[in-house]
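Comments concern the structure below.
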Amino acid sequence: YLLEVPAPSSGGTYSTNIYTVDLSNGQATGRNLFGQVPFYISNIATFIEAPLTWNGSVNASWNNPANWTPNRVPTATDDVFIPGPSATILFQPTVATANEASFSVTLGSGAVLNTQDGSQLSVYGNFANNEGTVTGSGTGTIAFVGVGQQEISGANQTNFRNLTINNNGGVITSGAVSVERALTVTSNLTIGTNQVFTLLSNPTTGVAYVVNNGGVVNGTATVRRYIDTSINPGFGYRHYSAPVINTTVGDLATSTFTPVFNAAYNTSTAPRTTVPYPTVYGYNQTQYENSPAITDTPEFDKGYYSPASGSVAWVPGTGYTVNLNGSELVDFTGTLATGNFSTTPQGRSSKAKAGWQLLGNPYPSSLDWNQVAASGLSGIENAVYVFKSTSQYSGSYASYVNGQGTNGGTNVIPVAQGFFVRTSAGATGSINFTNAQRITTDATAPFQRTAADTRPQLLLELSNGTTASQTDVYFESGATPAFDKAYDATALPFINGLVLATQAGTETLAINGQPALTGAVTVPLQVAVATAGTYTLRAATLANLPAGYHAYLRDAVLNTYTDLATTPSVALSLTTTPATGRYAVLFTSASPLATAPAALAALANVYPSPAHGTATLLLPQALRGTSSSTVQLLNSLGQVVLTRTLAAGGPDSIELPLAGLSAGIYVVRATTAAGLVAKRLVIQ
1159 YLLEVPAPSS GGTYSTNIYT VDLSNGQATG RNLFGQVPFY ISNIATFIEA PLTWNGSVNA
1219 SWNNPANWTP NRVPTATDDV FIPGPSATIL FQPTVATANE ASFSVTLGSG AVLNTQDGSQ
1279 LSVYGNFANN EGTVTGSGTG TIAFVGVGQQ EISGANQTNF RNLTINNNGG VITSGAVSVE
1339 RALTVTSNLT IGTNQVFTLL SNPTTGVAYV VNNGGVVNGT ATVRRYIDTS INPGFGYRHY
1399 SAPVINTTVG DLATSTFTPV FNAAYNTSTA PRTTVPYPTV YGYNQTQYEN SPAITDTPEF
1459 DKGYYSPASG SVAWVPGTGY TVNLNGSELV DFTGTLATGN FSTTPQGRSS KAKAGWQLLG
1519 NPYPSSLDWN QVAASGLSGI ENAVYVFKST SQYSGSYASY VNGQGTNGGT NVIPVAQGFF
1579 VRTSAGATGS INFTNAQRIT TDATAPFQRT AADTRPQLLL ELSNGTTASQ TDVYFESGAT
1639 PAFDKAYDAT ALPFINGLVL ATQAGTETLA INGQPALTGA VTVPLQVAVA TAGTYTLRAA
1699 TLANLPAGYH AYLRDAVLNT YTDLATTPSV ALSLTTTPAT GRYAVLFTSA SPLATAPAAL
1759 AALANVYPSP AHGTATLLLP QALRGTSSST VQLLNSLGQV VLTRTLAAGG PDSIELPLAG
1819 LSAGIYVVRA TTAAGLVAKR LVIQ
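Residue numbers (the working numbering): 1159 to 1842.
Spelled out as structure tokens, the structure:
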């Protein structure tokens, strides 16, 4: 530096010299060519106009002063510049603690700023990204905490892992911005005119969400929603709900998917033949009640309708089902939703499938259904139903109510997720959504009851090896054997070919809440399959039964009782005829009717099988003892179609006449001194 030192007074002398400015101690000390400090110059106060510059010479630690020029860690008053890698800049900075700060941050070309899980960089000024990159993991956050308005700018998109707006003047964007996980707005974020702002979604980083902690996001944003392809990577129906306002159903379009709308579907008597066939449907009570004499559509499906066009406004809280490929990335563009939303009230007639509503999560964050059920339901049953696609036209409903779930149902309703609810009988039903019902943490974390669940519970699952359906029975004080809207969930149509439900009076239930378990309780099962074969019925969960209690699977045809604690999986041979009345679960502390030990039962035999005209039952004396044996032939419905008696001390076999019986699978059942014996018989 060339310093001119003026005379101390008029007419005095002065000298000019070249001085070295020493900044090693954070202050400027002038030294002449001889290294001497002139008597009239002492420590000169430091005024550094250039930013602190990352040199990355030691490691990637933001908190290491040796990585910065000058040699110190940035503070809230420092402008920071991070250049890209070079021969001398060996490392790019990583923020690893929660108390790092700077005033402004500028990323140079190729620069990479990383925020580790658990870290936070507090920025008090502006953030400029000039062809650099921001990366992060977990809860790594960049927070804007300045006094006045701050700005995020740059020549290319800035992707924040987590972004927090918590200052006095808000933040405005003048460049493209995206967020991988949490956008927390305690003060307002304004998206600049014609600027891109995106909440990202993919299987790797998860689904971004917004926490409105007193602030709002102004301007137009895009919310992406990827499809979980773990069950069905191909085409299938997915239920959506827009997390933005001021959009239309046409927003479902992607670069490779064009939704099809056709209002002719709504008035056709054979809607499945409609051309072009719609790929987007809403659902409402009016369509169900006024549907024409449809001959090719199941009863429940009569409530679906096709929007007239893609210009139909998407009302917040409304759901649509869309048939599209699992590879599609649907996004929604509009104003990020926040505040209160109420759905249109819907009634419920006396028709069997009346009262269903296809609604959805209106927010760019997950919903806690426990909170919705506690404060937002008016005339609506407490259960919620989320569809899970298994193929283009098949799937199952994940049901949830009162802490109980089937087919993976939980209290978490993800971003952009549509769902079914049902109006209570005799009521008009609607939902009032509020911010208090939103989840403000990472919704991929498990959500459970605040205390361990001690309620007795049995979760049954029927499976063919690739597809499964579940039904749930639990016991809680306050529930009744009949349908209770706060404890039970109705079974929605089974379109995966596997029907498994319980019966409560005339109601078919996916989740069945029973009164506190104090005596013997029998819960009838509904079991049906679309394809004849052997299936597995297993107890996926059996928990908290009172001491001495057992849960037995009763087969009324074979007259068997299987203890599901010791034999949790049972093979069922099923036909396409529903096994009405055949299966039930008995919860009891008493012993059920005993069956013959396997070794003795193996001595019995029925032949020939398949049979025509007659069949013979071999029942050795070792089984019968000194008593007579009653022999019955039962059809697949459990109905007794033939009864015979094998006298005590008589021959070891008995002939069974089959004339007049329809072809099918039957069971030969005999009571013996050793217990009940049952054998399968096929009649041609």
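Ideal placement from N, C-alpha and C gives every residue a C-beta, glycine not left out.
Fill in: Integer-rounded CB distance, given that residue 1316 should sit under 8 Å from residue 1294
12 Å between Cβ atoms; not a contact.
Practice prompt. Would you give the residue range spanned by the beta strand (DSSP E) that residue 1579 belongs to?
Written response: Run containing residue 1579: 1576-1580, per the beta strand (DSSP E) assignment.
Worksheet item: Nearest to residue 1555 by CA position, among 1391, 1621, 1650, is which residue?
Response: The shortest CA-to-CA distance from residue 1555 to any of 1391, 1621, 1650 is the one to 1650.
Practice prompt. Please confirm if residue 1745 has its CB atom under 9 Å from at least one CB of chain D.
Written response: Protein chains in the displayed structure number just one, and chain D is not present.
Worksheet item: Based on the DSSP secondary-structure assignment, which residues constitute the bridge partners of residue 1839?
Response: Partner(s): 1824.
Discussion item. With a threshold of 6 Å on Cβ separation, who are the neighbours of residue 1836 within its own chain once the five nearest residues in sequence on each side are excluded?
Written reply: Cβ within range, chain order: 1716, 1825, 1827.
Worksheet entry | residue 1842 classed as buried or exposed, judged by whether at least 16 other C-beta atoms fall within 10 angstroms | Residue burial annotation: residue 1842 is exposed, with fewer than 16 other C-beta atoms found within 10 angstroms of its C-beta.
Practice prompt. Would you give the residue range spanned by the beta strand (DSSP E) that residue 1799 belongs to?
Written response: The continuous beta strand (DSSP E) containing residue 1799 extends over residues 1798-1804.
Worksheet item: Ordered along the chain, which non-local residues of its own chain (more than five positions away) have a Cβ less than 6 Å from that of residue 1594?
Response: Same-chain partners within the cutoff: there are none.
Practice prompt. Tell me, to the nearest whole angstrom, how far the beta carbon of residue 1390 is from that of residue 1484; I am working on the premise that it is less than 8 Å.
Written response: A Cβ-Cβ distance of about 6 Å is found for the pair residue 1390 and residue 1484, placing them in contact under the 8 Å criterion.
Worksheet item: Can we say the stretch 1510-1519 touches the stretch 1470-1478, given the rule of at least three CB pairs closer than 8 Å?
Response: Yes: at least three Cβ pairs fall under 8 Å.
Worksheet item: Could you give the C-beta distance for residue 1396 and residue 1385, rounded to a whole number, given that I count them as a contact under 8 Å?
Response: Rounded, the Cβ-Cβ distance is 6 Å, consistent with contact.
Fill in: Sufficient close CB pairs (3 or more, under 8 Å) joining the stretch 1330-1346 to the stretch 1363-1378
The stretch 1330-1346 vs the stretch 1363-1378: in contact.
Worksheet item: Would you call residue 1805 buried or exposed, if buried means 16 or more other Cβ atoms sit within 10 Å of its Cβ?
Response: By the 10 Å Cβ count, residue 1805 comes out exposed.
Item to complete: Could you name the residues of the same chain whose beta carbon sits closer than 8 Å to that of residue 1584, not counting the 5 residues immediately before and after it, in chain order?
Response: Excluding sequence neighbours, residue 1584 sits near 1506.
Worksheet entry | DSSP-derived helix/strand/coil call for residue 1550 | Reduced to three states, the DSSP call for residue 1550 is coil.
Worksheet item: By Cβ distance, which residues of its chain are closer than 6 Å to residue 1539, with the 5 residues on each side in sequence left out?
Response: Result list for residue 1539: 1580, 1582, 1643, in chain order.
Practice prompt. Compare the C-alpha of residue 1467 against each of 1444, 1424, 1629, 1635 and name the closest.
Written response: The alpha carbon of residue 1467 has as its nearest neighbour, out of 1444, 1424, 1629, 1635, the alpha carbon of 1424.
Worksheet item: Taking the alpha-carbon positions, what's the residue 1455 to residue 1778 distance?
Response: Going by the C-alpha atoms only, they are around 54 Å apart.
Worksheet entry | Nearest-angstrom Cα separation, counted from residue 1776 out to residue 1839 | Roughly 13 Å separates the two Cα atoms.
Worksheet item: Buried or exposed: which applies to residue 1662, given that a residue is buried once 16 or more other Cβ atoms fall within 10 Å of its Cβ?
Response: Its Cβ being crowded by 16 or more others within 10 Å, residue 1662 is buried.
Discussion item. Please report the distance separating the alpha-carbon of residue 1462 from that of residue 1668.
Written reply: The straight-line gap separating the alpha-carbon atoms of residue 1462 and residue 1668 is approximately 22 Å.
Item to complete: Could you work out which residue in 1781, 1807, 1820 is closest to residue 1797 when comparing CA atoms only?
Response: Minimum Cα distance to residue 1797 is reached at 1820.
Fill in: Given residue 1766 as reference, the closest of 1725, 1794, 1792, 1815 once Cα atoms are compared
Closest by alpha carbon: 1815.
Worksheet item: Which first and last residues belong to the beta strand (DSSP E) in which residue 1632 is found?
Response: From DSSP, the beta strand (DSSP E) with residue 1632 extends over 1626-1633.
Worksheet item: What are the boundary residues of the alpha helix (DSSP H) that includes residue 1533?
Response: Per DSSP, the unbroken alpha helix (DSSP H) holding residue 1533 starts and ends at 1527-1533.
Practice prompt. Decide if residue 1830 is buried, meaning its Cβ has at least 16 other Cβ atoms within 10 Å, or exposed.
Written response: Residue environment: residue 1830 is assigned as buried (16 or more neighbouring CB atoms within 10 Å of its CB, all protein chains considered).
Worksheet item: Would you call the CB atoms of residue 1533 and residue 1612 closer than 9 Å?
Response: Their beta carbons are not under 9 Å apart, which means residue 1533 does not touch residue 1612 by this criterion.
Worksheet entry | Cβ neighbour criterion (16 or more within 10 Å) applied to residue 1201 | Its pLDDT being 48, under 50, residue 1201 is placed unreliably by the model, and the measurement read from it follows with that caveat. For residue 1201, the number of other beta carbons within 10 angstroms of its own is below 16, and it is reported as exposed.
Worksheet entry | Nearest to residue 1750 (by Cα), restricted to the options 1733, 1578, 1380, 1713 | Measuring from the Cα of residue 1750, the nearest candidate turns out to be 1713.
Discussion item. Distance check for residue 1572 and residue 1544, CA to CA, integer angstroms please.
Written reply: Straight across, the Cα-Cα distance linking residue 1544 with residue 1572 is about 10 Å.
Worksheet item: Can you list the beta strand (DSSP E) stretches of 3 or more residues lying completely in the stretch 1283-1342, in chain order?
Response: You should have 1285-1287, 1291-1294, 1299-1302, 1308-1312, 1316-1318, 1320-1323, 1329-1331, 1335-1337.
Discussion item. By DSSP's criteria, residue 1265 is part of a beta bridge. Which residues make up the other side?
Written reply: According to DSSP, residue 1265 bridges with 1240, 1287.
Worksheet item: Quick one: what's residue 1401 bridged to in DSSP?
Response: Bridge partners of residue 1401 according to DSSP: none are assigned.
Worksheet item: Is the beta carbon of residue 1446 less than 9 Å from the beta carbon of residue 1512?
Response: Taking 9 Å as the Cβ cut-off, residue 1446 and residue 1512 qualify as a contacting pair.
Worksheet item: Under a three-way DSSP split, which group does residue 1407 fall into?
Response: Correct three-state label for residue 1407: helix.
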